[in-house]
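Beneath this line is the structure, given in structure tokens, with notes to follow.
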Amino acid sequence: MDSEDDMHDANDLESVDDDFYSGDTAMGSDDGDDFDFVDNESDDSEDITYHRQQQNYTILSEADIRLRQEEDISRVSTVLSISRSAACILLRHYQWSVSRVNDEWFADEEHVRKVVGLLEKLVEVQNSRELTCGICFENYPQDRMTSAICGHPFCGTCWRGYVGTSISDGPGCLMLRCPDPSCGAAVGQDMIDLLASHEDKEKYSRYLLRSYIEDNRKTKWCPAPGCEFAVEYVIGSGIYDICCNCSYGFCWNCTEEAHRPVDCDTVAKWILKNSAESENMNWILANSKPCPKCKRPIEKNQGCMHITCTPPCKFEFCWLCLGPWSEHGERTGGFYACNRYEAAKQEGAYDESERRREMAKNSLERYTHYYERWATNQSSRQKALSDLHSMQNEKLEKLSDRQSQPESQLKFIIEAWLQIVECRRVLKWTYAYGYYLPEHEHAKRQFFEYLQGEAESGLERLHQCAEKELQVYLDAETPMKDFNDFRTKLAGLTSVTRNYFENLVRALETGLKDVGSSNSEATCSKTSSSKSLGTKGKGGKSKATGNNSRLAGGPSHSLDESNLWSCDHCTYANPKSAKACQMCEHRR
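Numbering of the sequence shown is given in my numbering, commencing with residue 1112 and proceeding in unit increments.
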């Protein structure tokens, strides 16, 4: 970002707002050269909207889950001609995969029965007036004895105790077997319904429901606290971001909060770093020194170099050279200097410790820089969520009354706040992305910071419009004539910001592959990269920066227009050798 005409000027932004949403096709003014976001109002916008609305997952309520579970059990029961209880045992064993059950069953039915514990024929209990329970060894009349399909008889009391204890122990009760140690016959839901108490039946049913989600590789529970929705995901669809009906967004792959454009490994490292003791140790190393006697770390909080360790140590020493204070005084430089330290430092006695302390300090400062901005955007997102709920529950009705507009015509405000919440999330994770971006890739880092700055600028403009400018219409006592102009402006800002952030996410997920390293022969410029992120100058024309345009303040790269072709679909500048657009895959 060496030249001012390659950046948004803070003063220009104020004047741009009036012209930016004046209703022109490109939503801009005809004068000036400043960059602005582009609202893709081409014929392809419908395709983009349709693609955005497509989902690679389905949200399931408890009723949906039970319905699907019952359908799978019925399907297997019908195809294999077995009882529903046996079908349930089979599906549970094979992670609720109907196709796998069918494949295994028809490949080797005998083996499947043996592994799962399903006997082919019911074993009749011996016909006797009294039978001995195999658990308590008491004799009971035959009508008080119960057995599973294997025919081993146990009294009702022992059965209920066995079943109740198994259910209390947790989901393992779904794989319950006959109490006889030598028998592997499965105990299905029909036996549970016959023997268990009402409370235990409810628990068993709950375990079975949870098993349908937790054992199935295509389904997961929403990880939000208190949420009872589950998600069925289309395996292999690529994008892992899920937005549950409870409004919580998470990553299907790692179940952490949704974190595009950052990959799951980076998120795991970032979360571990935020919670680990490593940063505490860095802070201690950077801001304290160990007492020469007891080795406890001490932070210097006064200007004097005379340090006294806390009791019971009470050792007095010099902060600079760590020598005993009894050997110091006016001859060594007084209370605020140390001639011994200066002499030893010149001889290199403190080089290693100073180097380690300086490295720890730099590392801590760098981490703090990124973490503070990550946390700030997180808090801003939480505030935006709160404002969104307030708008939905209170302010929208108030605005409808004040401006004499039906609530159905005010959905553009909710869409704006939803976009703010999503953009805050993306912007937050760009700081984790930036922290782990290799420092030796200078061109890529500088270009990333430029894109991040543009994203922040556009988001702040949208946020200010939805928050402060909207307040004027909420406070108005009578309908205001320019409310429709405000509608156009906010809706335009929402669309523009959405397009920019979607392109930003795609660019970061591909590792900014169009940006060459400082030692490569690849050429790139702010102009071509701005095109790839949907930016244009005022009046809808790309800003010309000349052949010596800088890459986000980085080294100068020559832009040879003859080696590039602009995609008609998304305006992305591609290498001449590329047969299809690297951004939208549209062929030449």
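Every residue, glycine too, gets a C-beta built ideally from N, C-alpha and C.
query: Whole runs of the alpha helix (DSSP H) within the stretch 1514 to 1555, excluding any shorter than 4 residues; result: 1522 to 1546
query: Beta-carbon spacing of residue 1529, residue 1340 below 8 angstroms; result: no
query: Rounded C-alpha distance that separates residue 1207 from residue 1192; result: 18 angstroms
query: Contacts around residue 1407, its chain only, beta-carbon distance under 8 angstroms, and the 5 residues preceding and following it disregarded; result: 1401, 1420, 1421, 1424
query: Contact check, residue 1602 vs residue 1523, beta carbons under 8 angstroms; result: yes
query: Residue 1282 and residue 1620 closer than 8 angstroms at C-beta; result: no
query: Same chain, Cβ closer than 8 angstroms to residue 1304, five either side skipped, listed in chain order; result: 1312
query: Validate contact between the stretch 1245 to 1255 and the stretch 1219 to 1226 using beta carbons, cut 8 angstroms, 3 pairs; result: no
query: Integer-rounded CB distance, given that residue 1323 should sit under 8 angstroms from residue 1284; result: The pair is not a contact, with the Cβ atoms about 15 angstroms apart (cut-off 8 angstroms).
query: Residue closest to residue 1496, alpha-carbon to alpha-carbon, out of 1332, 1514, 1532; result: 1532
query: Host alpha helix (DSSP H) of residue 1230 (start-end); result: Segment: none, residue 1230 is in no alpha helix (DSSP H) and carries neither H nor E.
query: Pairwise C-alpha distance: residue 1176 and residue 1321; result: 9 angstroms
query: Alpha helix (DSSP H) segment containing residue 1217, residue limits; result: 1209 to 1218
query: Sheet register partners of residue 1417 (DSSP bridge); result: 1429
query: Touch test, the stretch 1536 to 1547 against the stretch 1493 to 1509, Cβ-Cβ under 8 angstroms, three pairs minimum; result: no
query: Identity of the residues DSSP links to residue 1297 by a beta bridge; result: 1288
query: Contacting residues, own chain, Cβ-Cβ under 6 angstroms from residue 1169 (five flanking each side not counted); result: 1343
query: Rounded separation between residue 1480 and residue 1544 - CA only; result: 13 angstroms
query: When 1613, 1416, 1698, 1699 are compared against residue 1350, the one with the closest alpha-carbon; result: 1613
query: Through-space distance from residue 1428 to residue 1415, alpha-carbon basis; result: 11 angstroms
query: Extent of the continuous alpha helix (DSSP H) to which residue 1315 belongs; result: 1309 to 1325
query: Distance CB(residue 1515)-CB(residue 1590) smaller than 8 angstroms; result: yes
query: Integer-rounded CB distance, given that residue 1297 should sit under 8 angstroms from residue 1228; result: 3 angstroms
query: Bounding residues of the alpha helix (DSSP H) (the contiguous stretch that carries residue 1610); result: 1594 to 1620
query: Terminal residues of the alpha helix (DSSP H) in which residue 1356 lies; result: Looking at the DSSP string, residue 1356 is not in any alpha helix (DSSP H), and its letter there is neither H nor E.
query: Contact with chain B by residue 1281, beta-carbon distance below 8 angstroms; result: Judged by its chain identifiers, the structure shown contains no chain B, having just a single protein chain.
query: Residue 1580 to residue 1166 span [Cα, whole Å]; result: 33 angstroms
query: Runs of alpha helix (DSSP H) lying entirely within the stretch 1242 to 1280, each at least 4 residues, in chain order; result: 1267 to 1279
query: Pair within 8 angstroms by beta-carbon distance, residue 1273 and residue 1290; result: yes
query: Length of the line joining the Cα atoms of residue 1182 and residue 1278; result: 25 angstroms
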